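Encoded as structure tokens, the structure appears first; notes follow it.
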Amino acid sequence: PVLPVLDKSYTRALDGKLLFDGEEARFAAWCLGQTGSPVVDAGMRQLWYEGWMPRNIRLLSATCLVEGLGLDWRKGRDWFEHTLLDHDPAINELMWQNAGFCGLDTFYKGLLWEDENECSAMIEDPGYVKRWLSQELVWPSELNQRKKELVAPSNDELLAAANACREGLKRGGHYKAAGRVANTGVRIVWENLESNADNIPVGEVWGLGRVPIDDVKFHFKQTLDDDLTLTSNR
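Using the working numbering, the final residue of the sequence shown is 296, and nothing's skipped along the way.
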């Protein structure tokens, strides 16, 4: 990741708020389009059927996997690599790091992925959700078995869990940390950089703005009585 110090830092903020029983079930629900979110589920079904999905639906699906299901962003990255016909390794890596709060710019953090009405402005085709939710699909045997075992949450359960996760990330300072990175800017070492006294390799992160990476601190509040400070360890 561009900023390893932030990698998976969000997971503790989501403890006790997640749908489905276990990580494997949550990932299967996402891949199969069984999360309970009409827009995300339609997109994931299109992805399997056509090997493609609109850009905005990709952003909503990524937000769902990380912020809603609390899964490692690498799982989403690898699934997109496996399924996308237009897969671009650099773009896919960058966008999933952004989704995982450890990239350059988490510009789509906090999207309301769970609510079809809130997402309507991001869907150009008004018949998109209905068409893809009704599309018959053929899955590999392992995923097909998972599909039979999964029970999608009710709309009330979905909205409550998504809101709880979003509030946990907001209260914990994760959205604020992501905004700080995006607004300050990540400084990368380039040849002949005069301030590179530590001889950091060209292409690696020097710091945030004018602050060397080893001096950067991120403060998170996991619970009312639990503060966490993360610093970079090269």
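Virtual Cβ for every residue (Gly too), placed ideally from N, Cα, C. Keep in mind it's a predicted model, so treat the numbers as computed, not measured.
The DSSP assignment places 117 to 125 and 135 to 145 as complete runs of the alpha helix (DSSP H) inside the segment 106 to 148, in order along the chain (cut-off: 4 residues). Taking one beta carbon from each stretch, the segment 179 to 197 and the segment 99 to 116 have 3 or more pairs nearer than 8 Å; the two touch.
Residue burial annotation: alanine 91 is buried, with at least 16 other C-beta atoms found within 10 angstroms of its C-beta.
Your pair valine 267 and valine 248 checks out as a contact, with CB atoms roughly 6 Å apart and the cut at 8 Å. Phenylalanine 282 carries a strand assignment under DSSP once its states are collapsed to helix, strand and coil. Listed in chain order, the alpha helix (DSSP H) elements of length 4 or more contained wholly in the segment 163 to 197 are 178 to 181 and 190 to 195. If you look at glycine 234, you'll find it in the alpha helix (DSSP H) that goes 217 to 234. In the three-state DSSP reduction, arginine 249 falls in the strand class (E or B). In its chain, beyond the 5 residues on either side, Phe163, Thr168 and Lys171 have a beta carbon closer than 7 Å to the beta carbon of alanine 240. Distance from the CA atom of tryptophan 135 to the CA atom of threonine 73, rounded to whole angstroms, is 11 Å. In the structure shown, leucine 81 falls within a coil segment according to DSSP collapsed to helix, strand and coil. Beta-bridge pairing by DSSP links proline 274 to Gly269. The beta carbons of glycine 130 and tryptophan 175 sit closer together than 8 Å. For lysine 238 and lysine 232, the gap between their C-alpha atoms comes out near 7 Å.
Short of 8 Å from the beta carbon of proline 202, and not among the five residues preceding or following it, lies no beta carbon of its own chain.
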